[in-house]
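Quick note on this note's numbering: the sequence shown kicks off at 579 and runs consecutively.
Have a look at the structure below before the remarks.
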Amino acid sequence: MEKMVRSNSIVNKTVNFSSLSEEERKAIYLAALEILEKTGAIVHDEETLEVLEDAGCWVDGNRVRIPSGVTQEAVNSAPERVVFYDRNGSRKIIAEGHNTYFGPGPTNNYYRDPETGERRDPKKEDKADVAKVCDYLPNIDYVMDLGTPKDVETGISDIHSFDAMVRNTTKPIFHWGFDIDQYEDIIEMAAVVAGGMEELQRKPFIALYSEPTPPLVHSEEAIAKATYAGKHKLPIIYTPCIMSGGTAPATLASTIALGVADSLVGLVANQHLNKGNPFIMGGVYTIVDMKSTVFSYGSPEFLALQAGIAEVAHYMGIPVFGTAGCTDSCTLDGQAAAESAMSILIAAEAGANVVHDVGYTEYGSTGSLYQLVMGNEIIGMVKRFMRGIDVNYETLATDVVDAVGPGGHFLGQEHTQKHFKNETWFPELINRQRYPGWKAAGATTMGDRVIDKTQEILVEHKPEPLSEEIQKKLDEIVKNAVKREMSKQ
């Protein structure tokens, strides 16, 4: 039998998903433009106010209203793809279209000790461990710190975090910073590792990260990072954490529109300084739970909002920062697994480009390597699901079915040997043993296996080290930052 020839056909190579129609995405985007033109935003940075006024915005004190044409011009100039490299200059993340990549999140207040299980303050050495585990896990594509270290100088804990991470992974690093002074040091460190500032700009392995304060307030520290990134030709993630019913109206459509508006303030300033500068929008869009008042990372509304912002960003043609792999649960349990799995699946189906917060527990308060390792397993399962079903003559295998015939089996067929490894996803931690084998192996739970795997990685994995010369230069930058910080006291 010859292979089929099909005309005028649409072939789905992966799973289809949509929560908003094209008209609804456009309506939300236009609502964001109206918010910026009519209501505007408060901007607390004098330099950015000058940039926005020069871009054509209406500035009255620190209140900025942005004409729709100015916003649309910025949207049009923003690139549809943002590329990140690893520490060695190899291309690793191509944030475009529906490509999806996963990583942990930043700045948790607490950390789950991977040896004792204790919930405690984060330390600098934990940031090295986070980087080491991310470096090992095949489905984690980039690194964030999973908690602000509290055993170092408070004002430069962001510098200490980056120092610990960059020494313990070759993967891209997305990193926050308190202020421009700290970003200067972090970028200097990144440039040392990359081989110079120009090389870092050409092949960035770092993204700067900043959050405005919804609704429609942009602190000096937040918005200045967007302009700093524009001036220095570096990628910026400008991402509100917005609560439906708290810092946004209780309706989900308005929550997305308001979040988009906040990202667009940073975009206008960033693009006016450097048209085409790499920019990623999105963030954490969820609800305030009216019973507990928590910023929920596990609610169905969180899932709907995260899908919604991804689809609106796709409509705008701007890469999007998604959220998944997280939970409201305070421990590694069934709730944590269920909420993590749901959010990872939705993020992949919606095509969020760089998805953070894998490893978040306790509604974002506590970073957990256990949650991260479990998330890596779930991402592997979701990746296989998202590949969909390849339909062609070879995969339909009607000749193979005919050769085996009724009542036969396919275990010994050459076709089976050829395809089963590629067609089938094989878990590392999820149990598929028969009961006697599972019992003989210790009758472990998924949680047991996650904890054991996490501890094994920390003991056995050895990330590729930086050269001694580069490490000495990093030491010097950190030492100077410490001196500067101590001089303020």
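Idealized CB from N, CA, C, for every residue including glycine.
| Roughly how many whole angstroms lie between the Cα atoms of residue 988 and residue 1038? | What you label residue 988 is simply residue 410 of the sequence shown in a count that begins at 1. What you label residue 1038 is simply residue 460 of the sequence shown in a count that begins at 1. Cα-Cα distance, rounded: 40 angstroms.
| request: Within the same chain, show all residues whose beta-carbon is closer than 6 angstroms to that of residue 887, passing over the 5 residues directly before and after it, in chain order. | output: Here residue 887 refers to the residue found at position 309 when the sequence shown is read from its first residue. The residues are 834, 860, 863.
| task | Return the chain-ordered list of same chain residues with a C-beta closer than 7 angstroms to the C-beta of residue 1068, the five sequence neighbours on each side being excluded. | result | The question about residue 1068 has no answer, for the chain in this structure spans 579 to 1067.
| Relative to the alpha-carbon of residue 830, which residue among 1067, 595, 1061, 602 has its alpha-carbon at the smallest distance? | Mapped onto the sequence shown, residue 830 falls at position 252. Taking only the C-alpha atoms, the option nearest residue 830 is 602.
| In whole angstroms, what separates the C-alpha of residue 1099 from that of residue 855? | A query on residue 1099 cannot be resolved here, the shown segment of the chain reaching from 579 to 1067 and no further.
| task | Drop a sphere of 10 angstroms on the beta-carbon of residue 969, count the other beta-carbons inside from all chains shown, and report buried for 16 or more, exposed for fewer. | result | In the sequence shown, residue 969 corresponds to position 391, counting from 1. The residue is exposed, with fewer than 16 neighbouring Cβ atoms inside 10 Å.
| request: Under 7 angstroms Cβ to Cβ from residue 646, same chain only, skipping five residues before and after it: list those, please. | output: On the sequence shown, position 68 is the one that residue 646 refers to. Here the set comprises 611, 615.
| field | Below-8 angstroms beta-carbon distance, residue 834 vs any chain D residue | value | Protein chains in the displayed structure number just one, and chain D is not present.
| message | Less than 8 angstroms between the C-beta atoms of residue 737 and residue 933, yes or no? | response | Counting from 1 along the sequence shown, the entry for residue 737 is found at position 159. Counting from 1 along the sequence shown, the entry for residue 933 is found at position 355. Not a contact, by the Cβ cut-off of 8 angstroms.
| Where does residue 904 fall in DSSP's three states? | Here residue 904 refers to the residue found at position 326 of the sequence shown. If DSSP states are grouped into helix, strand and coil, residue 904 belongs with coil.
| message | Please list the terminal residues of the continuous beta strand (DSSP E) segment that includes residue 638. | response | Residue numbering aside, residue 638 sits at position 60 when the sequence shown is read from its first letter. First-last of the beta strand (DSSP E) with residue 638: 636 to 638.
| Near residue 902, what residues of its chain come up, given a Cβ to Cβ distance below 6 angstroms and the 5 sequence neighbours on each side ignored? | Residue mapping note: residue 902 aligns to position 324 of the sequence shown, counting from 1. If we look at residue 902 and ignore the five residues flanking it on each side, its Cβ neighbours are 921, 922, 925, 933.
| query | Does the distance from the C-beta atom of residue 633 to that of residue 810 stay below 8 angstroms? | reply | Here residue 633 corresponds to residue number 55 of the sequence shown, with the count starting at 1. Here residue 810 corresponds to residue number 232 of the sequence shown, with the count starting at 1. No; because the gap between Cβ atoms is not below 8 angstroms, this pair is not in contact.
| request: Would you kindly work out how many angstroms separate the C-alpha atoms of residue 549 and residue 982, rounded to a whole number? | output: The question about residue 549 has no answer here: the residues shown for the chain are numbered 579 through 1067.
| task | Any chance you could list the alpha helix (DSSP H) runs of at least 4 consecutive residues sitting entirely within the stretch 720 to 766, in chain order? | result | 735 to 744
| request: May I ask you to list the residues that DSSP assigns as paired with residue 785? | output: Within the sequence shown, residue 785 is the residue found at index 207, counting from 1. Answer by DSSP bridge pairing, in chain order: 752.
| Three-state secondary structure (DSSP) of residue 821 | Locating residue 821 in the sequence shown gives position 243, counting from the first residue. Strand.
| query | So, using beta-carbon positions, are residue 681 and residue 635 closer together than 8 angstroms? | reply | As a working note, residue 681 is residue 103 in the sequence shown. As a working note, residue 635 is residue 57 in the sequence shown. No, the pair does not count as a contact, with Cβ atoms beyond the cut-off.
| request: Can you give me the start and stop residues for the beta strand (DSSP E) that residue 859 sits inside? | output: The sequence position of residue 859 within the sequence shown is 281, counting from 1. Its beta strand (DSSP E) spans residues 857 to 860.
| message | Give me, in chain order, the residues of the same chain whose beta-carbon lies closer than 6 angstroms to that of residue 584; leave out the 5 immediate sequence neighbours on both sides. | response | For the purposes of this step, residue 584 is identified with residue 6 of the sequence shown, where counting begins at 1. Confidence at residue 584 is low in this model, with a pLDDT of 49, below 50, so its placement is unreliable and no value can be given for it.
| said: Given this structure, state the Cα-to-Cα distance separating residue 638 from residue 628, to the nearest angstrom. | reply: Here the question's residue 638 lines up with position 60 in the sequence shown. Here the question's residue 628 lines up with position 50 in the sequence shown. Approximately 11 angstroms, taken between the alpha carbons.
| request: Look at the alpha carbon of residue 717 and the alpha carbon of residue 841, and state the distance between them as a whole number of angstroms. | output: Locating residue 717 in the sequence shown gives position 139, where the first residue counts as 1. Locating residue 841 in the sequence shown gives position 263, where the first residue counts as 1. Cα-Cα distance, rounded: 28 angstroms.
| query | In angstroms, rounded to a whole number, what distance separates the CA positions of residue 837 and residue 1047? | reply | In the sequence shown, the residue the question calls residue 837 occupies position 259. In the sequence shown, the residue the question calls residue 1047 occupies position 469. When rounded, the distance between both Cα atoms is 44 angstroms.
| Collapsed DSSP secondary structure at residue 925 in the structure displayed | Against the sequence shown, residue 925 aligns to sequence position 347. If DSSP states are grouped into helix, strand and coil, residue 925 belongs with the helices.
| said: What does the alpha-carbon distance come out to for the pair residue 1002 and residue 775? | reply: Taking the sequence shown and counting its residues from 1, one reaches residue 1002 at position 424. Taking the sequence shown and counting its residues from 1, one reaches residue 775 at position 197. The straight-line gap from Cα to Cα measures roughly 44 angstroms.
| query | Are the beta-carbon atoms of residue 948 and residue 1007 separated by less than 8 angstroms? | reply | Position 370 of the sequence shown holds residue 948. Position 429 of the sequence shown holds residue 1007. No, the pair does not count as a contact, with Cβ atoms beyond the cut-off.
| message | Considering only DSSP beta bridges, list what residue 898 is partnered with. | response | Taking the first residue of the sequence shown as position 1, residue 898 is located at position 320. Paired residues: 859.
| field | Extent of the continuous alpha helix (DSSP H) to which residue 780 belongs | value | Here residue 780 is taken as the residue at index 202 of the sequence shown, counted from 1. Residue 780 -> alpha helix (DSSP H) spans 775 to 780.
| message | Going by C-alpha to C-alpha distance, which of 940, 753, 916, 857 sits closest to residue 870? | response | Your numbering for residue 870 matches position 292 in the sequence shown. Residue 870 has its Cα closest to that of 940, out of 940, 753, 916, 857.
| Is it the case that the Cβ atoms of residue 687 and residue 1041 are separated by a distance below 8 angstroms? | Taking the first residue of the sequence shown as 1, we reach residue 687 at position 109. Taking the first residue of the sequence shown as 1, we reach residue 1041 at position 463. No, Cβ-Cβ distance for residue 687 and residue 1041 is not below 8 angstroms.
| Alpha carbon to alpha carbon, what distance is there between residue 877 and residue 936? | For the purposes of this step, residue 936 is taken as residue 358 along the sequence shown, with counting starting at 1. For the purposes of this step, residue 877 is taken as residue 299 along the sequence shown, with counting starting at 1. Approximately 16 angstroms between the Cα atoms of the pair.
| Apart from the five residues just before and just after residue 752, which ones in its own chain have a Cβ nearer than 6 angstroms to its Cβ? | Taking the first residue of the sequence shown as 1, we reach residue 752 at position 174. Cβ within range, chain order: 720, 722, 785, 787.
| Contact check, residue 883 vs residue 839, beta carbons under 8 angstroms | For this step, residue 883 is matched to residue 305 along the sequence shown. For this step, residue 839 is matched to residue 261 along the sequence shown. At the C-beta level, residue 883 and residue 839 stay beyond 8 angstroms of one another.
| message | Measuring straight from C-alpha to C-alpha, what distance separates residue 822 and residue 828? | response | Position 244 of the sequence shown, counting from 1, holds the residue named residue 822. Position 250 of the sequence shown, counting from 1, holds the residue named residue 828. Straight-line Cα distance between these residues: approximately 5 angstroms.
| task | Using 10 angstroms around the beta-carbon of residue 748, count the other beta-carbons present and answer buried if the total reaches 16, otherwise exposed. | result | Here residue 748 is taken as the residue at index 170 of the sequence shown, counted from 1. Residue 748 comes out buried.
| request: Have a look at 896, 1018, 625 and flag the residue whose alpha-carbon is nearest the alpha-carbon of residue 654. | output: Here residue 654 corresponds to residue number 76 of the sequence shown, with the count starting at 1. Comparing Cα-Cα distances from residue 654 to each of 896, 1018, 625, the minimum goes to 896.
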